[in-house]
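Report on one structure; see the data block that follows.
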Amino acid sequence: MKGVCDGKVFVLLLLSLLCVIQHNGVEASHKTYPTYQSVASSEVKEIHRTAYHFQPPSHWINDPNGPMYYNGFYHLFYQLNPKGAVWGNIVWAHSVSTDLINWTPLEPAIYPSKPWDKYGCWSGSATIIPGMGPVILYTGIIDDKNTQVQCYAVPENASDPYLKKWVKPDLHNPIVVAEEGVNGSAFRDPTTAWYGKEDGHWRMIVGSKRKHRGMAYLYRSKDFLKWVKAKHPIHSSADTGMWECPDFYPVSMKGQNGLDLSAMDAPDVKHVLKNSLDLTRYEYYTLGSYSTSTDKYVPDNTSEDGWGGLRYDYGNFYASKSFFDPSKNRRILWGWANESDTPQDDVLKGWAGIQAIPRTVWLDPNQRQLVQWPIEELDSLRGEQVTMKDQVLQKGDHIEVTGITPAQADVDASFSFTSLDNAESFDPSWTNAQDLCAQKGSKVQGGVGPFGLLTLASKKLEEFTPVFFRIFKAPDKHVVLLCSDASSSTLKKSKYRPSFAGFVDVDLAEKRLLLRSLIDHSVVESFGAGGKTNVLSRVYPELAVQNNAHLFVFNNGTEPIKIEYLSAWSMKPAVRY
Ligand code: DQQ
Numbered sequence: 102m103k104g105v106c107d108g109k110v111f112v113l114l115l116l117s118l119l120c121v122i123q124h125n126g127v128e129a130s131h132k133t134y135p136t137y138q139s140v141a142s143s144e145v146k147e148i149h150r151t152a153y154h155f156q157p158p159s160h161w162i163n164d165p166n167g168p169m170y171y172n173g174f175y176h177l178f179y180q181l182n183p184k185g186a187v188w189g190n191i192v193w194a195h196s197v198s199t200d201l202i203n204w205t206p207l208e209p210a211i212y213p214s215k216p217w218d219k220y221g222c223w224s225g226s227a228t229i230i231p232g233m234g235p236v237i238l239y240t241g242i243i244d245d246k247n248t249q250v251q252c253y254a255v256p257e258n259a260s261d262p263y264l265k266k267w268v269k270p271d272l273h274n275p276i277v278v279a280e281e282g283v284n285g286s287a288f289r290d291p292t293t294a295w296y297g298k299e300d301g302h303w304r305m306i307v308g309s310k311r312k313h314r315g316m317a318y319l320y321r322s323k324d325f326l327k328w329v330k331a332k333h334p335i336h337s338s339a340d341t342g343m344w345e346c347p348d349f350y351p352v353s354m355k356g357q358n359g360l361d362l363s364a365m366d367a368p369d370v371k372h373v374l375k376n377s378l379d380l381t382r383y384e385y386y387t388l389g390s391y392s393t394s395t396d397k398y399v400p401d402n403t404s405e406d407g408w409g410g411l412r413y414d415y416g417n418f419y420a421s422k423s424f425f426d427p428s429k430n431r432r433i434l435w436g437w438a439n440e441s442d443t444p445q446d447d448v449l450k451g452w453a454g455i456q457a458i459p460r461t462v463w464l465d466p467n468q469r470q471l472v473q474w475p476i477e478e479l480d481s482l483r484g485e486q487v488t489m490k491d492q493v494l495q496k497g498d499h500i501e502v503t504g505i506t507p508a509q510a511d512v513d514a515s516f517s518f519t520s521l522d523n524a525e526s527f528d529p530s531w532t533n534a535q536d537l538c539a540q541k542g543s544k545v546q547g548g549v550g551p552f553g554l555l556t557l558a559s560k561k562l563e564e565f566t567p568v569f570f571r572i573f574k575a576p577d578k579h580v581v582l583l584c585s586d587a588s589s590s591t592l593k594k595s596k597y598r599p600s601f602a603g604f605v606d607v608d609l610a611e612k613r614l615l616l617r618s619l620i621d622h623s624v625v626e627s628f629g630a631g632g633k634t635n636v637l638s639r640v641y642p643e644l645a646v647q648n649n650a651h652l653f654v655f656n657n658g659t660e661p662i663k664i665e666y667l668s669a670w671s672m673k674p675a676v677r678y
């Protein structure tokens, strides 16, 4: 009997272990909690709410939807549960802004009101049709079996600067239903459409899966109303599961300016296909090539096309979507950062989910990856500033940065070292950056690093979220790890505290590494090596809150590290409601 029990325990342990591996420790996106779904919390807990990241006054939010710049205003729509702090009752909430940082909330733009979206209005995108104005494509849930169809909505009055009211014409809606062979309950999140000048057809992608294969179905239309599925998907990849929120766009091979989707066939461009993987709740992208004459996307051989692929962010960043901002010729990326506490916690605190700071995105000159940087408008929130210059950190040093508000700050630093001789040797079996970060956190002494910041730290370091580099020596190169380690972020050990990390593809010739961290009460959003590797962590300190939070610089490697410069600013709150 005992043996059987042990066997069961073993199987359960194995299953939960597999679950952790498979799901990266995060739950799939549509886990529902019917008992909490429509429970309004009696009070909104302020303690871990952000001050300058986008979030509404209360309730659950997820994916950014249909971001666009139109007639002088930025529009952000996002998935909102207007009734509770867990996922459910989904509508498209709507806010407008002139700077992407301060926002005016409006009434929800799209909500269930038609037979084809009676059970939910899920994610989608906006396309601005030249000479006509914006059209939103979104996924409607048509029945209680989660059958998904693609629908469209247009502004009631395209000259209203706020585009407050949206209508869903009965004619042609829904514009796309899953035809035979397409899995109708895994068929969603239409992209921004692009126009093929040669054949006069619009194109858009819908995310899906066929068995375990992630699929990006391509649809074409002459009039934006009648859409026909192309014979071949634009791309697919084995064993990646459901592709949520695909995003597809061109990037320039010359400089940092962004491109509109009308540049799909332009010379000197590469293409980006990003998918959000429902199974693990992380995203990957490939760089590749595409032309409207073949309608096939082929990833470059430098871009891994699967689980180990390139990521915008190696932390908590999902269902992202980009748009072209013609007012500043840039492409901007939004991503949703979910909570890492429990649904019960969320009900108690009355809110869940934030949007990451919008990031400008462009192609790295090495053409192997993208680079991201917080939009320049964020600088308008910078208040008091403190600086450090040429400060050397010896092994074991940690020095406090005082004079700013460490729970609400922007920190930008350059670290240098004179030699890489002390770098620890790299074991080629260390292919997973997150595992390596968990194994060699900031407390394990190294050679070159760990060095960086201790953010949201309590005075005596009972709690802290270190963001740091650690450099290793492989036979033919150096390997740089950027780690944002939540394992000591809170005394509440029941929270999910992942050691998020990514490797950094950076040239160390100048023996210098740059780090910027945006710290905002329960989020630490970090940009390594000028935005080459980025990691967002959600954390819930108990002690290191508000005025009791501290910020340190540290070095725990034998090689002395020089802070060439460090600037830290207190951040003012953004206007959001
Ligand atoms: N969230 C939406 C879906 C999408 C998912 C529903 C991604 O449309 O696939 O809220 O987080």
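Counting along the sequence shown from 1, when you hit position 15 you're at 116 in the numbering used here, and nothing is skipped either side. Even glycine gets a Cβ: it sits at the ideal position worked out from N, Cα and C.
Around LEU449, the same chain offers SER142 and LYS146 as residues with beta carbons nearer than 8 Å, after the five sequence neighbours per side are excluded.
The beta carbons of SER589 and GLU564 sit about 6 Å from each other, so the pair counts as a contact at 8 Å.
Shortest gap from the CB of CYS346 to any heavy atom of the ligand DQQ: under 7 Å. Per the C-alpha coordinates, the member of ILE505, MET365, ARG613 and SER627 positioned closest to GLU299 is MET365. If you draw a straight line from the Cα of GLU281 to the Cα of VAL140, it is about 38 Å long. Straight through space, the alpha carbons of ILE500 and ASP536 are spaced by roughly 28 Å.
For PRO444, the uninterrupted alpha helix (DSSP H) segment begins and ends at 444-450. Taking the CA atoms as reference points, ALA317 sits about 14 Å from TYR350. Per DSSP, the continuous beta strand (DSSP E) segment holding ASP164 begins and ends at 160-171. Setting aside the 5 residues that flank it on each side, THR634 is surrounded in the same chain by LEU583, GLY603 and VAL605, each with a C-beta closer than 6 Å to its C-beta; the list follows chain order.
Taking ILE335 as reference, the option from TYR385, TRP161 and SER394 with the minimal CA-CA separation is SER394. Under the DSSP definition of a beta bridge, THR387 partners with LEU374. Within the DSSP secondary-structure output, VAL581 pairs in a beta bridge with ILE572 and VAL605. Residue pairing by DSSP puts GLN251 in a beta bridge opposite THR240 and VAL277. 8 Å or more divides the Cβ of VAL236 from the Cβ of VAL277.
Residue environment: ASN163 is assigned as buried (16 or more neighbouring CB atoms within 10 Å of its CB, all protein chains considered).
If you check the CB distance, PRO400 and THR387 come in under 8 Å. The region 564-576 and the region 412-431 do not touch, with fewer than three beta-carbon pairs separated by less than 8 Å. Spanning the alpha carbons of SER390 and GLY359 requires a straight line of approximately 17 Å. Taking non-hydrogen atoms of the ligand DQQ into account, the C-beta of ASP290 is found less than 7 Å away from one of them. When only Cα atoms are considered, LYS184 and TRP223 end up about 16 Å apart. Under DSSP, MET672 takes part in a beta bridge, and its partners are ARG483. Residue state for SER421 is assigned as strand, using DSSP reduced to three classes.
With the rule of 3 Cβ pairs closer than 8 Å, the region 478-491 does not count as touching the region 633-648. Residue nearest to GLY407 within the set ASP465, VAL545 and THR341 is THR341 (criterion: CA-CA distance).
In the DSSP assignment, the residues bridged to ILE306 are LEU319. Taken through DSSP and simplified to helix, strand or coil, GLU501 comes out as strand.
Judged by their CB atoms, LEU362 and THR461 are not nearer to each other than the 8 Å cut-off. Pairing VAL580 with PHE628 gives a Cβ-Cβ distance that is not under 8 Å.
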